[in-house]
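Chains as they are written, first to last, in the UniProt record's numbering: chain D, 1 to 266; chain V, 1 to 266; chain X, 1 to 266; chain E, 1 to 266.
Ideal Cβ placement from N, Cα and C applies to all residues, glycine included.
Everything numeric in this text was worked out from a predicted model, so none of it was measured.
Below is one structure, written out as structure tokens; comments come after it.
Number of protein chains: 4
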Amino acid sequence: MAINVIIAGPRGRMGTEAVEMVTNEPNLQLVACIDRKNDKEKMREYPTLSRLKIPVFEDPEECFHTVQADVFIDLTVPEACFDHATIAIQRHIRTVIGTSGLTNSQIEELSAISKENQTGCIIAPNFAIGAVLMMQFSKMAARYFPDVEIIEKHHDQKLDAPSGTAVKTVDLIKQTRLPKTQGHPNEEEIIPGARGAVDDGIRVHSVRLPGLVAHQEVIFGGSGQTLSIKHDSIDRKSFMSGVKFAVENVIDLNELVYGLENILDK
Amino acid sequence: MAINVIIAGPRGRMGTEAVEMVTNEPNLQLVACIDRKNDKEKMREYPTLSRLKIPVFEDPEECFHTVQADVFIDLTVPEACFDHATIAIQRHIRTVIGTSGLTNSQIEELSAISKENQTGCIIAPNFAIGAVLMMQFSKMAARYFPDVEIIEKHHDQKLDAPSGTAVKTVDLIKQTRLPKTQGHPNEEEIIPGARGAVDDGIRVHSVRLPGLVAHQEVIFGGSGQTLSIKHDSIDRKSFMSGVKFAVENVIDLNELVYGLENILDK
Amino acid sequence: MAINVIIAGPRGRMGTEAVEMVTNEPNLQLVACIDRKNDKEKMREYPTLSRLKIPVFEDPEECFHTVQADVFIDLTVPEACFDHATIAIQRHIRTVIGTSGLTNSQIEELSAISKENQTGCIIAPNFAIGAVLMMQFSKMAARYFPDVEIIEKHHDQKLDAPSGTAVKTVDLIKQTRLPKTQGHPNEEEIIPGARGAVDDGIRVHSVRLPGLVAHQEVIFGGSGQTLSIKHDSIDRKSFMSGVKFAVENVIDLNELVYGLENILDK
Amino acid sequence: MAINVIIAGPRGRMGTEAVEMVTNEPNLQLVACIDRKNDKEKMREYPTLSRLKIPVFEDPEECFHTVQADVFIDLTVPEACFDHATIAIQRHIRTVIGTSGLTNSQIEELSAISKENQTGCIIAPNFAIGAVLMMQFSKMAARYFPDVEIIEKHHDQKLDAPSGTAVKTVDLIKQTRLPKTQGHPNEEEIIPGARGAVDDGIRVHSVRLPGLVAHQEVIFGGSGQTLSIKHDSIDRKSFMSGVKFAVENVIDLNELVYGLENILDK
């Protein structure tokens, strides 16, 4: 039997993809959308939405009251998201949150509501399942290979370097890696910056070029061998694999889980 | 306190590296070698061995009787290996077997002896820890990505294609991957072989070129993303990371374990 | 001073990108389009086209007669293309043809018309300049490295394997490579197809996975070293670099040139 | 007919490989060696040399006087090299110099002697032909792709970053690349060094890990595409392809050429 799904934020960049994904997956069924600015004209610009003929609600309360759903997916903005999720969980609708930017106290509050209502919730700001696996594998490999460097590559419109994913990967690696000063002690940068950014002795290199989208390679080195774990994302669609995975897994949860990595292998 | 180690087969290709590794690791101590053809002249050709001034025995019984050791490493041939390991385990010396080619019944017998004597034994024919991790990660990733292809690259003197590691990787992937017919149903090979070897719907491609050593990449594809896990081995030294890992872990084992993958994360 | 450009086929997949590119390049100026089915309603669906307010002609004769242009770009179908190009060149408008499928005799005829009218024409069915360079570099490298294999990777909706680009690359490599039987003479495929497709002793491997777009790597191997040339195309936009390059170079041509590779380094 | 070759420095790291290569190539014939410290005992340690039974001279004059040769290969140290090459060229023996560290004035002097004696000489400090091609292709590609970054990877015992090859590649790229400020103007390094070393707006990233040898990738980015040129060297043997190429080409030279790149495609 299909899982009935409500999506909030169906016209956003992530929401558009989510609508597409849910309507294409045979075991998922889109039953309603929540759209704060439910302008009929705007909807018409979104072919999938206008073709679907599913009810679109401006008021979340009304939506959850009117339509029977198994899972609620929020892809909006932090403030709206917190409200939506609170209502959904209180109505025992399991919730998947892809919106990023919730505060720690909001997350704690949702966790409490989730527990109280015995209704699962998954918060996963980075939904690309390949990226989640890359990070988990890196954490596991670092236990055996203390020498590691990261190369992340993005399009040349990206402002920050290193990327958030690279920083998070370093944090995960630190949890298992034996402290080590990598490289030769007398190593010298003939041109400053050649050896990249350093975080806890781990080097991170950020490449920015047109023609790239979002790529990261974590390279572990040992005597006579290297082990590399690489994720290439060329399309926002990649995030949908994680959304789908979360929807299918939240069904069996009775509490809040932060991060897809914590439900892997479930 | 250092772990005292005996090595059988110190003049072989793997044995030479193992002698080198054990003598260089601060927490390991080489205390004796077993060499069936203990020709003093031959030993002189091996600088490390001749410099070490450690006893070399032709008779394993005599060796294990004379020298106190924590771990015995066998890198010989199947027949000798089985004898050595039996004696070692019966004397409660924990054993690491890198020799390949033991029969299933020999392995079962060693397993029984190991249990009976409450003395750990690790059998791991492919000791490169990076390769072991690559295979484990592939097995884990296949759960989320049913679309996968393998490219393995070796020097052009290799006779068999695909490599044993590629075949083993496919076997591991099959354990977790949902059955799937990959590629387009109407896909056509304009030149036969273009789409590689097929095993259970998984494609394997074997590249053979001078300048390569031993490399394998497992590529998982999903909507908008790919995840790649790659192991490059350029030197037999790479196997020593696995030997070292096995030695350090066999200490805490009281039974036989087949495959390094089963003691990962221990 | 800007180069004035007419585009035929502005609503096609390539045409849409070409309109976008020409209107964004400061040294190019879109002055008209030729569209056989110039339905005003259809045009409205193409935001760039409808915003531009440039004349759109159904009749190529009328277009070339009415509008003053330096370069004509054809991105239509073979039959229309041949007509368009003939008229354009006879009117001394230099012509860039991205349409594939012209017959040899059509190409010869256009070549004659081009010479007669002292008006340059470039035919280049694969416009991605990176792909053109990859093929040229491969041809050059093969002179020094007779051992070479090709790995091409595409999305899993592609029907043919190997790709047309791979086949063309092999053809170019053959022109410079010393004949050589690669691999070990006793090499054996344990699973058929492992060693890929063979063309003149060169192995080609075709990977098909979701998450890929269009990628090719040419790997040359020699004693102790490999040289790899890789092209990754993730967007049809990549073809526009070649169109732009052709437009800028056709200006100085007085005859027909087939293939961008023949005007490289000009 | 085979080319007769004299090698100076046969016991050095490069020399050992050169002796091996020359004796294995059917069209080359090793006829003598020059070894300043021609200690018979030392020679015995080099199996190939002691087996060959070719004359070894301490005095270069005597060597060139006694033995008839077509090509002289010098793999020694700058001072000795300059002397050897001067004598060889004056005796009309074509000369290949792999020794690095000759001063500019020494090179100019050899160039004059070479011209005067109408005897070719090739000086090529980096003999790996794959590396030479990588640099040439990069120079050619930069004409079409002003956006470029370099990732070079070496073993973790290397002291300097970036590598000499990376610096030389940047110099070559500068000769053809249109000046461009790459990356987003507001790009920000959250951790210093993330964006690598900068030379003329080109970013260079240096990775240092055990398990690596000598690798470089030059990545060009354009709209929707990237072009990558990669050289992997895992063994000193790789340099011999360049030595062989130089020997075969110096035969036809009557003057001095600096850098293998200048005789490519000859």
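Kindly list the residues whose CB is nearer than 7 Å to the CB of residue i, restricted to its own chain and excluding five residues on each side of it in sequence; keep chain order.
{"i": "residue 92 of chain V", "result": "117 and 119"}
{"i": "residue 46 of chain V", "result": "11 and 16"}
{"i": "residue 242 of chain D", "result": "124, 127, 128, 129, 132 and 260"}
{"i": "residue 4 of chain E", "result": "29, 31, 68, 69 and 70"}
Against chain E, with Cβ distances strictly below 8 Å, would residue i count as a contact?
{"i": "residue 207 of chain V", "result": "no"}
{"i": "residue 154 of chain X", "result": "no"}
{"i": "residue 20 of chain X", "result": "no"}
{"i": "residue 168 of chain X", "result": "no"}
{"i": "residue 161 of chain D", "result": "yes"}
{"i": "residue 230 of chain X", "result": "yes"}
{"i": "residue 270 of chain X", "result": "Outside the shown range of chain X (1 to 266) lies residue 270 of chain X, about which nothing can therefore be said."}
Near residue i, which residues of its chain fall below 8 Å by C-beta distance, leaving aside the five closest residues on each side in sequence?
{"i": "residue 195 of chain V", "result": "183, 187, 189 and 203"}
{"i": "residue 13 of chain V", "result": "236"}
{"i": "residue 102 of chain D", "result": "78, 81, 82, 110 and 123"}
{"i": "residue 163 of chain X", "result": "152, 154, 206, 214 and 216"}
{"i": "residue 209 of chain V", "result": "153, 155 and 156"}
Kindly list, in the order they appear in chain V, the residues whose Cβ is closer than 9 Å to that of residue i.
{"i": "residue 252 of chain D", "result": "Ordered by position in chain V, no residue passes the 9 Å Cβ test against residue 252 of chain D, which lies about 16 Å from the chain."}
{"i": "residue 223 of chain X", "result": "210 and 211"}
{"i": "residue 258 of chain D", "result": "Under the 9 Å cutoff, chain V gives no residues; its nearest Cβ is about 19 Å from residue 258 of chain D."}
In chain D, which residues lie less than 9 Å from residue i when you measure between Cβ atoms?
{"i": "residue 198 of chain E", "result": "191, 192 and 193"}
Would you decide whether residue i is buried or exposed? Buried here means 16 or more other CB atoms lie within 10 Å of its CB.
{"i": "residue 35 of chain D", "result": "buried"}
{"i": "residue 26 of chain X", "result": "exposed"}
{"i": "residue 62 of chain E", "result": "exposed"}
{"i": "residue 59 of chain V", "result": "exposed"}
{"i": "residue 225 of chain D", "result": "buried"}
{"i": "residue 2 of chain E", "result": "exposed"}
{"i": "residue 185 of chain X", "result": "exposed"}
{"i": "residue 238 of chain D", "result": "buried"}
{"i": "residue 84 of chain X", "result": "buried"}
{"i": "residue 192 of chain V", "result": "exposed"}
{"i": "residue 95 of chain V", "result": "buried"}
{"i": "residue 199 of chain X", "result": "buried"}
{"i": "residue 51 of chain E", "result": "exposed"}
{"i": "residue 265 of chain X", "result": "exposed"}
{"i": "residue 112 of chain X", "result": "exposed"}
Skipping 5 residues on each side, what residues in its chain have a beta carbon closer than 6 Å to that of residue i?
{"i": "residue 23 of chain V", "result": "30"}
{"i": "residue 221 of chain E", "result": "147"}
{"i": "residue 161 of chain D", "result": "206"}
{"i": "residue 255 of chain E", "result": "114 and 115"}
{"i": "residue 100 of chain V", "result": "125"}
Quick one: does residue i have its CB under 8 Å from some CB of chain V?
{"i": "residue 202 of chain X", "result": "no"}
{"i": "residue 266 of chain E", "result": "Summary for residue 266 of chain E: the model assigns pLDDT 46, below 50, so the residue's position carries little reliability, and this model does not support an answer."}
{"i": "residue 226 of chain X", "result": "yes"}
{"i": "residue 130 of chain D", "result": "yes"}
{"i": "residue 6 of chain X", "result": "no"}
Nearer than 7 Å: is that true of the beta carbon of residue i relative to any heavy atom of the ligand HEM?
{"i": "residue 202 of chain D", "result": "Absent from the structure shown: the ligand HEM. Ligands present: none."}
Kindly say whether residue i, judged by its beta-carbon, lies nearer than 8 Å to any beta-carbon of chain D.
{"i": "residue 235 of chain E", "result": "no"}
{"i": "residue 173 of chain E", "result": "no"}
{"i": "residue 219 of chain E", "result": "yes"}
So which residues on chain V does residue i lean against when the C-beta distance must stay under 8 Å?
{"i": "residue 158 of chain X", "result": "184 and 187"}
Please report whether the beta-carbon of residue i lies at a distance below 8 Å from any beta-carbon of chain X.
{"i": "residue 147 of chain V", "result": "yes"}
{"i": "residue 93 of chain V", "result": "no"}
Within 8 Å of any Cβ in chain C, is that where the Cβ of residue i sits?
{"i": "residue 141 of chain D", "result": "Judged by its chain identifiers, the structure shown contains no chain C, and its protein chains are D, V, X and E."}
Find the residues of chain E that neighbour residue i, judging by a C-beta separation of less than 8 Å, and give them in chain order.
{"i": "residue 238 of chain X", "result": "222, 223, 224 and 225"}
Would you call the region 135-147 of chain E and the region 118-133 of chain X touching, i.e. three or more CB-CB distances under 8 Å? yes
Check whether the region 226-234 of chain X and the region 228-236 of chain E are in contact - that is, three or more C-beta pairs closer than 8 Å. The region 226-234 of chain X makes contact with the region 228-236 of chain E; the number of CB pairs closer than 8 Å reaches 3 or more.
Is the region 70-82 of chain X touching the region 235-252 of chain X in the sense that three or more CB pairs, one from each, lie closer than 8 Å? yes
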